[in-house]
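J.: Residues are numbered in this note's numbering as their position in the sequence shown, beginning at 1, plus a constant of 8. Even for Gly, the Cβ is constructed at its ideal location relative to N, Cα and C.
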Amino acid sequence: MTDVAAAATGETAPQHTHPVTPLVNGARALPFALVLGVASVSQNLSDVGVGVAAALLISLGLAVVLGAVVAAFSYLTWKRLTYWFDDQGDFRIASGVVTRRERRLQLSRLQGVEVAQPLMARIFGLAQVSIEVAGAGDSRAEIQYLGLDAAQALRNSVVARAAGLHPESGEAPQHSLVDVPTGDLALSLLLRGTTVLLAALTGLVLFVTVAAEGVVGLAWLLLGGVPLVMVVTEFTNFYGFTVAESPDGLRTKAGLLRIQSQTVPPGRVQAVEFVQSWLWRKKDWVRVEITVAGVGTSDEDGQNGGNFQRVLLPVAPYRVVLSVVHQILPGVDARQVGLEPAPPQARRRAWIQHRQLGVGWDDRVFVTQRGRFVHRLTVAPHARTQSVRVTQGPWQRALGLATMHVDSPPGPVRVVALYRAAAEARRIADEQNGRAQRALAEDRGTRWMQPGDQ
């Protein structure tokens with residue numbers, strides 16, 4: 009292909025990641041290697057009278073050697089890894105030291121792009137880019153590592169190509185929508201029902217710890233730290249959480265130790281769930297979780313990326329949340345959709361939450377609600393319905409009940425109408441299947457930023 013033709017289609021030459029990548033990977037292995045070295049060396053040398061200082065030096069030496077081995081292997085991997093855009097505008101990545109492997113990600117099926125800076129990469133001024141497309145199997149590509157500017161440029165190019173724009177269009181402007189206050193984030197995590205219940209369990213654990221002795225007491229003490237670990241982990245993940253509006257989608261960014269930013273293109277959200285703990289209701293706080301087709305629950309770096317990807321807003325007042333959700337579901341207010349309550353016999357199956365069960369729909373979305381102590385209001389556009397089904401366990405069958413499911417790609421949001429009358433559940437499923445087919449026929453294309461699509 010000539011240079012002119014390549015430029016017209018946006019084809020690029022294969023290129024490597026940042027040359028410092030092997031060193032970063034080697035440095036990442038040092039803490040783990042040091043811990044393992046200290047544990048093994050101390051145990052093996054204690055019998056021969058080797059001092060603590062000598063054991064630490066030996067452990068440090070072994071950690072450096074292991075880090076060097078990891079860096080050397082990473083160098084071979086780095087030499088063999090290249091990425092580029094092909095003549096059809098799709099993203100390709102080739103890798104493999106012994107066995108060569110080439111993957112192609114069809115950007116017309118793009119679900120999201122994330123730029124993350126793990127702690128070690130931040131020290132070197134680098135970032136990684138995660139590209140997620142819809143599809144089964146290996147639909148996620150991790151580019152580790154690039155300079156921060158190069159990572160942002162790659163993100164912009166991927167989003168532009170997916171939107172049908174020129175790859176050199178540059179970064180689309182953005183307008184800030186929400187900045188989650190640090191105090192609200194910390195207080196919301198402490199007031200979650202899960203945290204309160206675990207804190208109560210911790211009190212019991214501490215009592216048992218005092219009564220128990222030896223290894224049993226230590227085990228209970230470690231278990232008692234679970235609530236604190238959960239709160240600290242989520243706080244560091246969502247610290248400084250921001251949401252911004254842009255023509256290429258909603259952009260979220262957060263993180264204390266590991267900074268993550270992602271872009272969710274319009275039309276890619278499969279389902280939305282409003283989650284409100286019973287202790288949040290006085291402040292009218294709510295959390296918004298989303299299911300995006302193709303987005304996994306964890307990343308290849310072993311970090312908690314999936315928890316960040318599943319949350320559109322960790323906490324905010326309902327009015328603020330609705331203004332953000334309107335960016336991905338324009339004109340939709342789930343609270344205004346009339347809901348049909350569960351039948352009277354449902355209280356024998358769900359005696360705590362039967363009053364909170366409901367299902368409804370309008371011409372655009374299907375809505376369900378459930379939960380007494382943690383209220384969950386779920387919304388799914390008709391056009392994103394992949395299938396519908398009705399399930400009926402033995403207890404439900406005896407009560408003449410059934411549960412109707414609206415299936416979407418795997419994710420945190422479950423769209424489920426619990427404990428309806430069996431005939432009603434089948435009727436709702438048949439009607440929802442018809443609504444989904446009509447909505448899918450009218451669904452807009454994936455090139456959402458082309459002229460005339462606004």
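Buried or exposed for valine 288, going by 16 or more other Cβ atoms inside 10 Å?
T.: Numbered from 1 along the sequence shown, position 280 holds the residue referred to as residue 288. It should be pointed out that residue 288 corresponds to tryptophan in this sequence rather than to valine. Buried, by the Cβ-count rule.
J.: So what does DSSP say about glutamate 432, is it helix, strand or coil?
T.: As a position in the sequence shown, residue 432 is number 424, starting the count at 1. Glutamate 432 falls in the helix class under three-state DSSP.
J.: Pairs of beta-carbons, one from the stretch 285-301 and one from the stretch 321-329, closer than 8 Å: are there three or more?
T.: yes
J.: Could you tell me the distance, in whole angstroms, from the CA atom of glycine 97 to the CA atom of glutamine 400?
T.: Locating residue 97 in the sequence shown gives position 89, where the first residue counts as 1. Locating residue 400 in the sequence shown gives position 392, where the first residue counts as 1. Distance between the alpha carbons of glycine 97 and glutamine 400: 47 Å.
J.: Please tell me whether threonine 29 and tryptophan 86 are closer than 9 Å, where the distance is taken between their beta carbons.
T.: Along the sequence shown, one-based indexing puts residue 29 at 21. Along the sequence shown, one-based indexing puts residue 86 at 78. Against a cut-off of 9 Å, the Cβ pair of tryptophan 86 and threonine 29 comes out as a contact.
J.: In the DSSP assignment, what residue or residues form a beta bridge with lysine 261?
T.: The residue labelled residue 261 in the question sits at position 253 within the sequence shown. According to DSSP, residue pairing for lysine 261 in a beta bridge involves Thr250, Ser269.
J.: Keeping to the same chain, check which residues put their C-beta closer than 8 Å to that of glutamine 125; ignore five residues upstream and five downstream.
T.: Against the sequence shown, residue 125 aligns to sequence position 117. Result list for glutamine 125: Leu134, Ala135, Gln136, Leu156, Gly263, Arg266, Ile267, Gln268, in chain order.
J.: Measure the alpha-carbon distance for valine 240 versus arginine 318 and round it to whole angstroms.
T.: As a working mapping, residue 240 is identified with position 232 in the sequence shown. As a working mapping, residue 318 is identified with position 310 in the sequence shown. One C-alpha to the other measures close to 18 Å.
J.: Measure how close the beta-carbons of glutamate 253 and glutamine 182 come, nearest whole angstrom, since I'm counting them as under 8 Å.
T.: Translated into positions along the sequence shown, residue 253 becomes position 245. Translated into positions along the sequence shown, residue 182 becomes position 174. Between glutamine 182 and glutamate 253 the Cβ distance is about 7 Å, and since that is below 8 Å, they are a contact.
J.: Given a cut-off of 9 Å, decide if proline 351 and alanine 429 are closer than it, judged by their beta-carbon atoms.
T.: As a working mapping, residue 429 is identified with position 421 in the sequence shown. As a working mapping, residue 351 is identified with position 343 in the sequence shown. Yes, these two residues count as a Cβ contact at 9 Å.
J.: Evaluate contact between the stretch 379-396 and the stretch 408-417, counting only Cβ atoms and requiring at least three cross-stretch pairs below 8 Å.
T.: yes
J.: Can you check which of these residues, Arg163, Ala449, Arg88, Trp369, is closest to aspartate 256 by C-alpha distance?
T.: The residue labelled residue 256 in the question sits at position 248 within the sequence shown. The shortest C-alpha separation from aspartate 256 is found at Arg163.
J.: In the structure shown, what three-state DSSP assignment does valine 531 receive?
T.: Outside the shown range of the chain (9 to 462) lies residue 531, about which nothing can therefore be said.
J.: Run through the DSSP bridge pairs and tell me what tyrosine 326 is partnered with.
T.: Taking the first residue of the sequence shown as 1, we reach residue 326 at position 318. Among the bridge pairs identified by DSSP, tyrosine 326 is matched with none.
J.: Fully enclosed by the stretch 374-423, which beta strand (DSSP E) runs are 3 residues long or longer?
T.: 382-389, 395-399, 409-415
J.: CB-CB under 8 Å to leucine 154, same chain, minus the five flanking residues each way: which ones, in chain order?
T.: Here residue 154 corresponds to residue number 146 of the sequence shown, with the count starting at 1. When the five nearest sequence neighbours on each side are left out, the beta carbons in the same chain lying within less than 8 Å of the beta carbon of leucine 154 are those of Thr25, His26, Leu134, Ala135, Gln136, Val137, Leu162, in order along the chain.
J.: For a test of the three-state rule: what should DSSP assign to proline 183, helix, strand or coil?
T.: Start at 1 with the first residue of the sequence shown, and residue 183 comes out as number 175. A small fix is needed here, since residue 183 is histidine in this sequence, not proline. It is a strand residue.
J.: Let me check understanding here. Comparing Cα to Cα, which of Leu193, Phe374, Gly275, Arg327 lies closest to asparagine 245?
T.: The residue given as residue 245 occupies position 237 in the sequence shown. The candidate whose alpha carbon is nearest that of asparagine 245 is Leu193.
J.: Hey, would you say glutamate 140 sits closer than 9 Å to leucine 173, going by beta carbons?
T.: Against the sequence shown, residue 140 aligns to sequence position 132. Against the sequence shown, residue 173 aligns to sequence position 165. Not closer than 9 Å, so no.
J.: How would you call isoleucine 360, buried or exposed, if buried means at least 16 neighbouring beta carbons within 10 angstroms?
T.: Sequence index remark: in the sequence shown, residue 360 carries index 352 (1-based). Flag for isoleucine 360 reads exposed.
J.: Rounded to a whole number of angstroms, what is the C-alpha to C-alpha distance between valine 188 and threonine 250?
T.: Position 180 of the sequence shown holds residue 188. Position 242 of the sequence shown holds residue 250. When rounded, the distance between both Cα atoms is 6 Å.
J.: Do you know how far the Cα of glutamate 348 is from the Cα of alanine 431?
T.: Numbered from its first residue, the sequence shown carries residue 431 at position 423. Numbered from its first residue, the sequence shown carries residue 348 at position 340. Computed Cα separation, rounded: 14 Å.
J.: Compare the beta carbon distance of alanine 102 and threonine 90 with 9 Å and say whether it is the shorter of the two.
T.: Numbered from 1 along the sequence shown, position 94 holds the residue referred to as residue 102. Numbered from 1 along the sequence shown, position 82 holds the residue referred to as residue 90. The answer is yes: Cβ separation under 9 Å.
J.: Checking 9 Å against the spacing of the C-beta atoms, do arginine 434 and alanine 410 come in under that value?
T.: Within the sequence shown, numbered from 1, the residue matching residue 434 stands at position 426. Within the sequence shown, numbered from 1, the residue matching residue 410 stands at position 402. Yes, Cβ-Cβ distance for arginine 434 and alanine 410 is below 9 Å.
J.: Between which two residues does the beta strand (DSSP E) containing arginine 130 stretch?
T.: Taking the sequence shown and counting its residues from 1, the one referred to as residue 130 is at position 122. Premise fails: arginine 130 lies in the alpha helix (DSSP H), 127-131, not in any beta strand (DSSP E).
J.: Does the beta carbon of glutamine 270 sit closer than 9 Å to a beta carbon anywhere in chain B?
T.: Structure shown: chain B not included; a single protein chain is present.
J.: Below 7 Å CB to CB, which residues in the same chain sit around phenylalanine 381 once its five sequence neighbours on both sides are set aside?
T.: Along the sequence shown, one-based indexing puts residue 381 at 373. Closer than 7 Å at Cβ, skipping near neighbours: Gly201, Trp286.
J.: Go to threonine 190, then tell me how far its beta strand (DSSP E) extends in each direction, as first and last residue.
T.: Along the sequence shown, one-based indexing puts residue 190 at 182. Premise fails: threonine 190 lies in the alpha helix (DSSP H), 190-199, not in any beta strand (DSSP E).
J.: Under 8 Å by Cβ, that's how I've got valine 421 and valine 373 pegged, so tell me the actual separation to the nearest angstrom.
T.: By 1-based counting over the sequence shown, the position of residue 421 is 413. By 1-based counting over the sequence shown, the position of residue 373 is 365. Their Cβ separation, rounded to whole angstroms, is 13 Å, which puts valine 421 and valine 373 out of contact at 8 Å.
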